[in-house]
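Mapped onto UniProt numbering, the consecutive letters of the sequence shown carry residue numbers 1 to 495.
Heads up, the beta-carbon is just placed ideally off N, CA and C, and yes, glycines get one too.
Everything below concerns the one structure shown next.
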Amino acid sequence: MKFQGSTFLFSKRGSSFPFTRRRSPPHHTTHKVSVVRRKMDTSIYKSYVINMGGVTSSIAAKFAFFPSNPPSYTVVSDKSCGGKLCIPEIPRRENVDVLKLRTHRGNEIVAVYVKHPKASASMLYSHGNAADLGQMFELFVELSLRLRVNLMGYDYSGYGQSTGKGTADEVVDCSHGKQLYELCKEKYEPLWINGGGHCNLELYPVYIKHLKKFVLGLGKSKHATNEISRNSLDSRLDKAKKSNKPEKSRMSTGCVDRFRRRKGLVWYSMLAEINRNIQSLAVVRYPWLHNIPKEWAMMVHFFENYKSIIPTRVIYWVPPGIGVYKCNSDGASKGNPGPSSGGFCIRNWKGEFIYAATQELGVKTNLEAEVIALKRGLQFCVSNNLLPVIMETYSLMESQILGGNWETLWSISLMIKKIQWLRKAGVVEVSHVLREGNKVADYFANFIFSCAGTCFKVFNTYMEVPREGKVLIELHANRVPNLRVTKCQNPSFTV
């Protein structure tokens with residue numbers, strides 16, 4: 001049988017579990033393992049070395065054996081954590097360390113070390129071709145969580161952010177695996193898969209079954225010699241092999257898919273796809289956020305703790321100069337267009353009430369109601385010689401049109417001409433005011449809706465004004481500030 005699959009080398013006190021592999025000769029693998037062991041401060045009591053190209057079989061099948069270009073991640077130094085290395089493209093985790101390991105050839109190998117608080121062993125994971133750490137990170141985290149092991153994953157030379165040049169892809173001779181197997185003190189029966197390809201070993205049920213038994217057997221094994229007890233996993237496998245039962249036929253593709261779904265063997269691909277879809281939706285929905293995590297749990301935590309930038313601004317009603325009047329006007333439309341009304345209020349330089357009026361206008365737009373209200377207020381000021389006067393409106397469009405900065409809409413062109421003609425009667429200034437500084441006019445504009453059967457109402461004296469209106473007038477006269485609060489996007493937010 002040719003060695004064209006993925007290689008697995010697990011070890012515990014010298015035990016081995018060899019598979020086949022298409023990668024560099026064994027001396028490269030041995031060096032990588034030794035480098036990792038030298039860099040880690042803890043002695044690895046149990047270690048597994050996994051070269052598993054089948055997990056990214058769909059990627060490898062499309063892109064052959066070439067590394068991802070460009071790399072899917074970068075490595076930066078986080079000054080807030082004392083210069084600790086991190087990968088900004090993946091979610092920040094406290095139990096994940098990013099390392100740069102230097103080989104004897106001077107190449108820097110990038111590795112991630114995922115720690116499990118209840119780990120019973122450590123696993124060294126060599127991923128398949130056409131992938132790098134950025135694409136494999138989610139799988140590393142899930143494997144560490146499900147198997148309860150510490151997991152070290154790394155990029156080969158020339159892959160991801162690892163420097164150097166990748167080795168040539170070639171078929172490794174069977175003698176390499178045989179020598180590794182013979183050097184182990186406690187041997188584990190290898191599994192041979194006839195017809196297994198480079199990226200499809202996980203499709204064979206016997207492969208997954210054997211792998212699970214081996215991982216479970218490591219924690220239960222208490223033998224330090226080559227002897228095999230009657231109840232050991234190897235003994236049970238031997239008994240199963242020697243039974244006279246006919247060998248079951250290989251399952252069809254449909255059966256394999258059902259088996260994988262039933263056993264939960266596609267959890268990684270499904271989880272990764274769901275995370276990508278949700279993260280893409282979040283990016284489209286909130287394009288100003290640049291630090292949206294890629295994992296669902298992190299996304300939930302991110303959005304639960306998201307805080308907008310909330311700037312505040314203090315707004316006053318500013319009385320006019322001595323001898324000048326101020327007329328605040330406002331229009332309201334319930335539907336835009338819809339039932340509308342307009343109102344205005346005139347006060348002197350002391351903030352004292354002079355006159356106010358409100359009127360129902362029928363079906364109008366907001367802009368039409370604003371223009372009509374200002375025109376009615378200006379007509380009253382001109383006819384009663386309340387000049388000079390400052391006309392304040394909440395509508396920015398109206399103030400810009402009257403100031404000659406914006407084009408006049410045809411629907412209000414006649415009213416704008418009338419206002420411009422009235423302005424020639426004296427000193428009339430039109431200015432824009434924010435809603436918080438125009439509360440009195442807004443109150444009178446909406447007051448008519450509470451008067452059933454009334455289309456027009458005037459207030460000639462301060463005593464005729466309802467209590468709510470008097471409160472607003474007094475607050476403005478005494479320059480009581482109003483707080484304007486707005487919510488702004490926070491693109492730099494991070495958890």
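When Cβ pairs closer than 8 Å are counted between the two stretches, the stretch 134 to 146 is seen to touch the stretch 82 to 91, the count reaching three or more. Put simply, the backbone Cα of Ile274 is about 10 Å away from that of Lys294. Fewer than three beta-carbon pairs drawn from the stretch 376 to 388 and the stretch 300 to 318 are found closer than 8 Å, and the two stretches are therefore not classed as touching.
Within the DSSP bridge table, the entry for Gly342 names Gly331 and Gln359 as partners. Apart from the 5 residues on each side of it in sequence, Asn150 sits with its Cβ closer than 8 Å to the Cβ of Tyr113, Val114, Lys115, His116, Ala119, Ala121, Ser122, Met123 and Ser144 in its chain, given in chain order. Rounded to the nearest whole angstrom, the C-alpha separation of Tyr73 and Tyr188 is 37 Å. The alpha-carbon separation between Ile412 and Ser80 amounts to approximately 59 Å. Beta bridge pairing from DSSP links His104 with no other residue.
Cβ atoms of Thr358 and Gly343 come within 8 Å of each other, at about 4 Å. The beta carbon of Ala332 is closer than 7 Å to those of Ser340, Ser341, Ala369, Ala445 and Asn446 in its chain, skipping five residues each way along the sequence. Around the Cβ of Ile309, a 10 Å sphere holds fewer than 16 other Cβ atoms; the residue is exposed. Minimum Cα-Cα distance from Asn69 among the listed residues Tyr159, Val284 and His176 corresponds to Tyr159. The Cβ atoms of Val430 and Ser399 sit closer than 8 Å to each other. Residues Glu108 of the same chain have their beta carbon placed closer than 6 Å to that of Arg102, with the five preceding and five following residues left out of the count. In terms of Cβ geometry, Ala111 and Tyr154 form a close pair [threshold 8 Å].
Nearest C-alpha to Val433 among Arg146, Asp442, Leu289 and Tyr156: Asp442.
Nearest C-alpha to Ala452 among Thr365, Gly217, Glu360 and Asp173: Glu360.
His432 carries a strand assignment under DSSP once its states are collapsed to helix, strand and coil. Going by C-alpha positions, Asn194 is about 54 Å away from Ser492. For Arg92, there is no enclosing alpha helix (DSSP H), as DSSP gives it neither H nor E. Between Cys345 and Val485, the beta carbon gap of about 25 Å keeps them out of contact (Cβ cut-off 8 Å). According to the DSSP assignment, Gly153 belongs to the beta strand (DSSP E) that extends over Asn150 to Tyr154. A straight-line Cα-Cα distance of about 10 Å links Glu468 and Glu474. Contact between Leu483 and Thr312 holds, with the beta-carbon distance rounding to 6 Å and staying under 8 Å. Taken in chain order, the complete beta strand (DSSP E) segments of 3 or more residues contained in the stretch 458 to 491 are 482 to 485.
DSSP, read as helix, strand or coil, puts Ala425 in coil. Straight-line spacing of the CA atoms in Arg276 and His127 works out to 21 Å. Here Arg347 is buried. Its C-beta has 16 or more other C-beta atoms within 10 Å. Of the candidates Ala282, Val371 and Ala297, Ala297 places its Cα closest to the Cα of Glu142. In the DSSP secondary-structure assignment, Thr393 is bridged to Ser329 and His432.
His127 carries a strand assignment under DSSP once its states are collapsed to helix, strand and coil. Contact check for Ala356 and Ser329: beta-carbon distance about 10 Å, past the 8 Å limit, so the pair fails to qualify. In this structure, the CA atom of Asp173 is about 37 Å from the CA atom of Leu271.
Leu85 and His476 have their C-alpha atoms spaced approximately 57 Å apart. Lys470 and Val458 have their alpha carbons spaced roughly 15 Å apart. Gly426 and Thr393 have their C-alpha atoms roughly 19 Å apart.
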